Amino acid sequence: MPNATAMQAAKAVPGIPQDEDGPVFNEPWQAQAFAMTLALYDRGLFTWGEWAATLADEIKRAQAAGDPDTGETYYSHWLAALERLVAEKGVATRETLHRTRDAWDHACDRTPHGQPIELRASDFHE
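Numbering follows my numbering, in which position 19 of the sequence shown is assigned residue number 146; successive positions increment by one, without gaps.
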């Protein structure tokens, strides 16, 4: 049975890809971004209305930049909205978010396919 907060999000935020059991994801990172959003909502960082407005703004920005809005990039917009709210609320700076994303990219690049990705301190410096 789906998490009650996940079902609440699916009702409050238009466009969430879902089936009869709730939200669906094509990649693990999409589920992780969704889960982080639910956790931050549960902690009171933002309301669903605030989240929906930020997500809608990120989607509009992407469309203005040429995103064809086929639904395949929905969770990329979701992640952009999450990063934006985290920065705006002072949880982490945009610089910290970009630095961490770059470190994960570096860790992914050096990890053989099928192996768990391990983030190391050196990933932040290379």
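All C-beta atoms in this analysis are idealised placements derived from N, C-alpha and C, irrespective of residue type, glycine included.
Given the structure is predicted, the values throughout are model-derived calculations rather than measurements.
Cα-Cα separation between residue i and residue j, rounded to whole angstroms
i, j, result
"residue 131", "residue 159", "17 Å"
"residue 181", "residue 212", "8 Å"
"residue 218", "residue 153", "28 Å"
"residue 202", "residue 240", "23 Å"
Sequence-distant residues of the same chain with beta carbon closer than 6 Å to residue i, five excluded per side
i, result
"residue 164", "209"
"residue 224", "210"
Residue i (DSSP reduced to helix, strand or coil)
i, result
"residue 132", "helix"
"residue 242", "coil"
"residue 144", "coil"
Cβ separation of residue i and residue j, assumed to be a contact under 8 Å, to the nearest whole Å
i, j, result
"residue 222", "residue 207", "At roughly 16 Å, the Cβ-Cβ gap does not stay under 8 Å, so residue 222 and residue 207 are not in contact."
Close beta carbons around residue i, own chain, < 7 Å, minus the five adjacent residues each side
i, result
"residue 150", "133, 137, 143, 144 and 161"
"residue 230", "246, 250 and 251"
Beta-carbon contacts of residue i that lie in its chain and below 8 Å, excluding the five residues immediately before and after
i, result
"residue 177", "212"
"residue 170", "none"
**Report entry** Whole runs of the alpha helix (DSSP H) within the stretch 174–216, excluding any shorter than 4 residues
**Finding:** 175–191 and 201–215
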